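Below: one structure, written as structure tokens.
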Amino acid sequence: MKKICFITVIQIFSIGVFAQSFTSDTSADGNSITHKDERVDLLGKKMAEYNEGLSKKIQMVDGFRIQVLNTADRSLAMKVRSSLIQNFSDQKVYMSFVAPYIKLKLGNFIERVDAEKVSDKITDLKIVSGNIYIIPEKVEQKPLDKTATPEE
Numbered sequence: 004m005k006k007i008c009f010i011t012v013i014q015i016f017s018i019g020v021f022a023q024s025f026t027s028d029t030s031a032d033g034n035s036i037t038h039k040d041e042r043v044d045l046l047g048k049k050m051a052e053y054n055e056g057l058s059k060k061i062q063m064v065d066g067f068r069i070q071v072l073n074t075a076d077r078s079l080a081m082k083v084r085s086s087l088i089q090n091f092s093d094q095k096v097y098m099s100f101v102a103p104y105i106k107l108k109l110g111n112f113i114e115r116v117d118a119e120k121v122s123d124k125i126t127d128l129k130i131v132s133g134n135i136y137i138i139p140e141k142v143e144q145k146p147l148d149k150t151a152t153p154e155e
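Following this note's numbering, the numbering of the sequence shown begins with 4 at its first residue and continues without gaps.
Shown next as structure tokens:
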């Protein structure tokens, strides 16, 4: 009985199955003609844009930041932060809270020498009275502009 049911099911499903027919378009000189789907080109353009966008993202690399302040006084932290933003507008200021302390860090430096130069400027400006530390961290590295000419 099982064999008869199985054979009947196979016969019913095999009625709807047809082999794919192959047709070839050929021109008068015997060369084959290909039909191109525009969606393939569109997909290629979208993939290229996506890959270009990935290359422009900010990457995290090993580098240095300057720890300017570690305090529990919020008003002092805000005062120092605003002073850092005014004097070093080209650098990013990072403010983090780890109870009960507020930490202020400055910059994304790849080379320690660059961090030391800025640290000396902070000391000269007397923005903070405490110690300033250069800390190794993962920092943001902006991608190089491909249209810019290399500096000599």
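Using N, Cα and C, we set each Cβ at its ideal position, and we do this for glycine too. Since we're looking at a predicted model, the values are computed, not measured.
Residue i - DSSP class collapsed to helix/strand/coil
i: residue 94; result: coil
i: residue 74; result: strand
i: residue 85; result: helix
i: residue 36; result: coil
i: residue 104; result: strand
i: residue 141; result: strand
i: residue 12; result: helix
i: residue 69; result: strand
Unbroken alpha helix (DSSP H) run spanning residue i, endpoints
i: residue 54; result: 41-58
Contact set for residue i: own chain, Cβ-Cβ below 7 Å, skip 5 residues either direction
i: residue 143; result: 61, 63 and 111
i: residue 3; result: Residue 3 falls outside the range modelled here, since the chain spans only 4 to 155, and no answer is possible.
i: residue 73; result: 104 and 106
i: residue 83; result: 71, 72, 107, 130 and 131
Residues near residue i in its chain [Cβ-Cβ closer than 6 Å; skip 5 each side]
i: residue 113; result: 66
i: residue 93; result: none
i: residue 97; result: 108
i: residue 39; result: none
i: residue 9; result: none
Span of the beta strand (DSSP E), counted from its first residue to its last, around residue i
i: residue 121; result: Where residue 121 is concerned, there is no enclosing beta strand (DSSP E), although the alpha helix (DSSP H) it sits in stretches over 115-128.
Buried or exposed by the 16-neighbour rule on C-beta atoms within 10 Å, applied to residue i
i: residue 145; result: exposed
i: residue 42; result: exposed
i: residue 57; result: exposed
i: residue 118; result: buried
i: residue 77; result: exposed
i: residue 7; result: exposed
i: residue 91; result: buried
i: residue 87; result: buried
i: residue 75; result: exposed
i: residue 102; result: exposed
i: residue 13; result: exposed
i: residue 36; result: exposed
i: residue 125; result: buried
Contacts around residue i, its chain only, beta-carbon distance under 8 Å, and the 5 residues preceding and following it disregarded
i: residue 138; result: 67, 68, 69, 70 and 108
Rounded distance between the beta-carbons of residue j and residue i, thought under 8 Å
i: residue 122; j: residue 135; result: 5 Å
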